[in-house]
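Chemist: The working numbering applies: residue 24 is where the sequence shown begins, and numbers increase by one.
Here it is: the structure, laid out below.
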Amino acid sequence: MAKLADSVQVNAIPSARKRALRRTNVIGWLFASPWAIGLLCFYAIPMLMSIYFSFTTYSILQPGEFVGMSNYIDLFHDPLFWKSIYNTIYFTVFFVPLSIFFGVALAMMLNMKVKGMAIFRTIFFLPTLVPQVALAVLWMWLLHPNFGLVNGMLANIGIDGPSWLGGESWSKPSLILMSLWGIGQAVVIYLAGLGDIPDEYYEAAQIDGANWFQKTRRVTLPLLTPVIFYNLVMGMIGAFQQFTLPYTLTKGQGTPANSMTFYVMYLYENGFRYFKMGYASAMAWILFIIVMALTGIIFITSKRWVHYQGK
24 MAKLADSVQV NAIPSARKRA LRRTNVIGWL FASPWAIGLL CFYAIPMLMS IYFSFTTYSI
84 LQPGEFVGMS NYIDLFHDPL FWKSIYNTIY FTVFFVPLSI FFGVALAMML NMKVKGMAIF
144 RTIFFLPTLV PQVALAVLWM WLLHPNFGLV NGMLANIGID GPSWLGGESW SKPSLILMSL
204 WGIGQAVVIY LAGLGDIPDE YYEAAQIDGA NWFQKTRRVT LPLLTPVIFY NLVMGMIGAF
264 QQFTLPYTLT KGQGTPANSM TFYVMYLYEN GFRYFKMGYA SAMAWILFII VMALTGIIFI
324 TSKRWVHYQG K
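Given below as structure tokens:
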């Protein structure tokens, strides 16, 4: 009888543990359910629906008809589609390397052990807190051809300033300049990467007689490549999604001569101005393929230039 009681007691312990574990799982799912439901309703289902819509003439107000690959074929015959791709690639090719160069340079300067450096770090980070719409309005005033501050300063030294946002040749360089204004967030990430580099490496380089340039080239930059790699990927993705600044600067027109019509702007215009949701969905998936392909190339080539500590 005693053996039977002991057996029942032993079997009851795992059973109680299972009930407690099951209760913990249920509670965990309850806490995660708002996020999971939001992910399903606002990301997964719309993404799957957009795949179907890209093969139809869906226009929000009408269900549309299945047209197969017509939307994709029409895109490749659309001159403005290619213009938007050119503008986006132009911006990406120049902005991403410049943001990395100036971001690393600023981070190295802000990493110096100087009194009051926290104040300077705050000053360089503050522009990232300014909403992009407000930033666009500010730069429209600064770069105004007649009474803008920039052209006014150039006039004082005898230089006739260009029409920064009104000319096709200067519009995209001006946008790149404005976008560089907000690299403070990347600078913070670079600062974290610099702080993670052990001082022993610099001390060893100092013993070997290395100067500042050699330390930067042989120690700092190689050990900072994981952070550069991260900012390269995120910067490339963000550049391909450029929307708010050019849309605000041109009031959604993409002028002059469509030199400020970026890919996501044209996608938005087709989807929400002309209600060509099928056409816009096709554009969205082409953008997805382009970004995924470029991201894959960066990941594959990273094995050659990204160096991790201890490897």
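Note that beta-carbon positions come from the ideal geometry of N, C-alpha and C, so glycine has one too.
Using the beta-carbon count (16 or more within 10 Å), is Met300 buried or exposed?
Modeler: Taking the sequence shown and counting its residues from 1, the one referred to as residue 300 is at position 277. Buried.
Chemist: Is the distance from the Cβ of Ile212 to the Cβ of Val156 below 8 Å?
Modeler: As a first step, residue 212 must be located in the sequence shown, where it is residue number 189. As a first step, residue 156 must be located in the sequence shown, where it is residue number 133. Against a cut-off of 8 Å, the Cβ pair of Val156 and Ile212 comes out as no contact.
Chemist: Could you compute how far the alpha carbon of Phe170 sits from the alpha carbon of Met176?
Modeler: On the sequence shown, residue 170 is found 147 positions in, with the first residue counted as 1. On the sequence shown, residue 176 is found 153 positions in, with the first residue counted as 1. Take the alpha-carbon of Phe170 and the one of Met176: they are about 10 Å apart.
Chemist: Taking C-beta to C-beta, are Gly216 and Leu172 nearer than 8 Å?
Modeler: Your numbering for residue 216 matches position 193 in the sequence shown. Your numbering for residue 172 matches position 149 in the sequence shown. No.
Chemist: Which residues in the same chain as Tyr286 place their Cβ atom closer than 7 Å to its Cβ, once the five residues preceding and following it in sequence are excluded?
Modeler: Reading the sequence shown from its first residue, position 263 is the one you call residue 286. Once the five neighbours on either side are set aside, the close Cβ partners of Tyr286 are Ser107, Ile108, Thr111, Phe263 and Leu310.
Chemist: Would you mind stating whether Gly189 and Pro279 have Cβ atoms separated by less than 8 Å?
Modeler: Taking the sequence shown and counting its residues from 1, the one referred to as residue 189 is at position 166. Taking the sequence shown and counting its residues from 1, the one referred to as residue 279 is at position 256. For Gly189 and Pro279, yes; Cβs fall inside 8 Å.
Chemist: Do you know offhand how far Trp235's Cα is from Tyr253's?
Modeler: On the sequence shown, residue 235 is found 212 positions in, with the first residue counted as 1. On the sequence shown, residue 253 is found 230 positions in, with the first residue counted as 1. Going from the Cα of Trp235 to the Cα of Tyr253 covers about 25 Å.
Chemist: By Cβ distance below 6 Å, which residues in the same chain neighbour Thr239 in space, the five residues on each side in sequence not counted?
Modeler: Along the sequence shown, one-based indexing puts residue 239 at 216. Within the same chain, Thr239 has no close Cβ partners at all.
Chemist: Buried or exposed, going by whether 16 or more other CB atoms sit within 10 Å of the CB of Glu223?
Modeler: Here residue 223 refers to the residue found at position 200 when the sequence shown is read from its first residue. By the beta-carbon neighbour count (other beta carbons within 10 angstroms, threshold 16), Glu223 is exposed.
Chemist: Tell me Thr79's beta-bridge partners as DSSP assigns them.
Modeler: In the sequence shown, counting from the first residue as 1, residue 79 sits at position 56. Phe89, per the DSSP bridge assignment.
Chemist: Closest to Ile96 by CA distance: which of Arg45, Thr273, Phe266 and Tyr302 is it?
Modeler: Here residue 96 refers to the residue found at position 73 when the sequence shown is read from its first residue. Looking at the Cα atoms, Tyr302 is the closest of the given residues.
Chemist: Which whole-angstrom value is the C-beta distance of Ser186 and Phe118, which I expect to be below 8 Å?
Modeler: In the sequence shown, the residue the question calls residue 186 occupies position 163. In the sequence shown, the residue the question calls residue 118 occupies position 95. Between Phe118 and Ser186 the Cβ distance is about 21 Å, and since that is not below 8 Å, they are no contact.
Chemist: Using a Cβ-Cβ cut-off of 6 Å (strictly less than) and excluding sequence neighbours within five positions of Ile199, which residues of its own chain qualify?
Modeler: Sequence index remark: in the sequence shown, residue 199 carries index 176 (1-based). Within the same chain, Cβ atoms closer than 6 Å to the Cβ of Ile199 are found at Phe117 and Phe118, the five residues on either side in sequence being excluded.
Chemist: Entirely within the segment 110-186 and at least 4 residues each: give me those alpha helix (DSSP H) ranges in chain order.
Modeler: Runs found: 140-148, 155-165 and 172-179.
Chemist: From Glu191 to Ile313, what does the alpha carbon distance come to, in whole angstroms?
Modeler: Numbered from its first residue, the sequence shown carries residue 191 at position 168. Numbered from its first residue, the sequence shown carries residue 313 at position 290. Near 26 Å, if we compare the C-alpha coordinates of Ile313 and Glu191.
Chemist: Are Val256 and Ile323 close, meaning C-beta to C-beta below 8 Å?
Modeler: Position 233 of the sequence shown holds residue 256. Position 300 of the sequence shown holds residue 323. In this structure, Val256 lies away from Ile323, with their beta-carbon atoms at least 8 Å apart.
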